[in-house]
Each structure stands twice: as structure tokens, then as C-alpha cells.
Amino acid sequence: MDENTPQKRCVSRAVTVGICGAIVLLLLVGTSPAPVEGLRCRTGEGPSADDVKRIVRTCMNKITNAGGGNFSSSSSSSTIERDRACLMQCFFEEMKATNADGFPEKHKVLHVITKDIREHELREFYVDSIQECFHMLGLDNRLKDKCDYSMRFVTCLSDRFETNCDDWESVTSAMF
Numbered sequence: 000m001d002e003n004t005p006q007k008r009c010v011s012r013a014v015t016v017g018i019c020g021a022i023v024l025l026l027l028v029g030t031s032p033a034p035v036e037g038l039r040c041r042t043g044e045g046p047s048a049d050d051v052k053r054i055v056r057t058c059m060n061k062i063t064n065a066g067g068g069n070f071s072s073s074s075s076s077s078t079i080e081r082d083r084a085c086l087m088q089c090f091f092e093e094m095k096a097t098n099a100d101g102f103p104e105k106h107k108v109l110h111v112i113t114k115d116i117r118e119h120e121l122r123e124f125y126v127d128s129i130q131e132c133f134h135m136l137g138l139d140n141r142l143k144d145k146c147d148y149s150m151r152f153v154t155c156l157s158d159r160f161e162t163n164c165d166d167w168e169s170v171t172s173a174m175f
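First residue of the sequence shown? That's 0 in numbering that gives the first Met the number 0, and the numbers climb one at a time after it.
Following this line, the structure appears as C-alpha cells:
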């Protein structure tokens with residue numbers, strides 16, 4: 000099959016965007032924590048799995064149906080990266096966690112992600128991580144694009160979780 004066929008591009012995009020959806024699921028939903036020492040970042044609290052799936056489906060449809068511009072029909076790595084970034088932005092937008100310009104907004108993101116977390120240490124870690132990532136992104140004046148900004152924010156959170164969460168590896172390997 001020719002590498003540039005619409006079917007091949009569609010499958011490639013679906014896999015890439017699906018992986019991003021899994022990352023979003025991990026960040027916002029997680030699974031029930033197992034009782035072990037150290038910081039456990041997985042939680043069954045937060046938006047329901049059905050809500051997250053609906054939002055990811057909505058965002059994937061928006062990306063797939065977007066015509067021209069940043070969503071060209073080629074399957075280049077830059078297009079795939081752009082689709083990933085815009086999936087993250089769309090997710091924040093669908094969760095009502097963006098400002099009027101479509102950028103993730105700190106107080107709204109804090110509310111959406113932490114509102115149902117009951118365990119004090121975990122909630123504190125999430126709040127600190129979110130605030131630190133917004134602070135770090137605020138130092139980069141080159142970030143003018145809402146999709147790139149959203150992706151950098153999710154990457155920052157992911158890096159903090161990988162560094163600080165004892166259960167990060169088991170969570171990510173289960174997701175992929």
C-alpha cells in the first residue's frame with residue numbers, strides 16, 4: 000500500500016491521537032491506587048471514564064474534520080505533532096478549562112483536575128505541579144499558539160509525574 004494513501008494517513012493519525020487520548024485519560028482519571036509507600040498519583044476520582052471518552056471522541060472528530068491550515072492531509076511528523084497538540088488544547092476547551100482565547104487557564108485547570116481529589120498529599124502535589132507548569136510556561140514568551148501551549152503544559156505535568164510518582168511506570172505501561 001502506498002505510504003500516502005488516505006487510509007494509511009487516517010490509521011497513522013488515529014494511533015497518534017489515540018495515544019494522546021490515553022495520556023489525557025491518565026492525567027485526569029487514572030485508576031484506583033494500590034496501598035504502597037511513596038507518592039501514588041493514580042486516582043479513581045475526577046471526571047468519569049465515559050465523560051473523558053466522549054471528550055476525546057469529540058476532539059478527534061474536530062481534528063479529523065478540520066480542513067486546510069494546520070491540519071493538512073499529509074501524514075508528516077509535524078502534522079501528527081500538531082494534531083497531538085490540538086487534541087490537548089481541545090480537551091482543555093471541552094473541560095471548560097480555557098480562557099477566552101482558548102489557552103488553558105490556571106485556576107480553571109486547577110479546579111477541573113483537583114476538585115474531586117480527597118487525599119491531601121496527592122491534591123497538594125497536583126496543585127503544586129499545575130502551578131509550577133503554568134509558571135514555567137509563563138516564562139516562555141514565544142508560546143503564542145494555544146495548541147503548542149497546551150501540549151507543553153501536558154508534557155510538563157507528565158515530566159513532573161514521572162519524576163515524583165512511584166506508580167507512574169506501571170500506569171503508563173498499562174495505558175500502552
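Just so it is clear, CB atoms sit at the ideal spot from N, CA and C, and this is done for glycine as well.
Practice prompt. Starting from C89, follow the alpha helix (DSSP H) in both directions and report where the run begins and ends.
Written response: S76 to E93
Practice item. Select from E118, R151 and C155 the residue whose C-alpha is nearest the C-alpha of R41. Key: E118
**Message:** In the DSSP assignment, the alpha helix (DSSP H) including S128 goes from what residue to what residue?
**Reply:** H119 to G137
| message | Does the contact criterion of 3 or more C-beta pairs under 8 angstroms hold for the segment 92-99 versus the segment 131-141? | response | no
>> For K145 and K61, I'd like the C-alpha separation in whole angstroms.
In response: Those two C-alpha atoms are separated by around 15 angstroms.
When the Cβ atoms of the segment 155-167 are set against those of the segment 75-89, are three or more pairs found closer than 8 angstroms? no
Can you tell which of Y125, F160, F152 and T113 has its C-alpha closest to the C-alpha of F102?
-> F152
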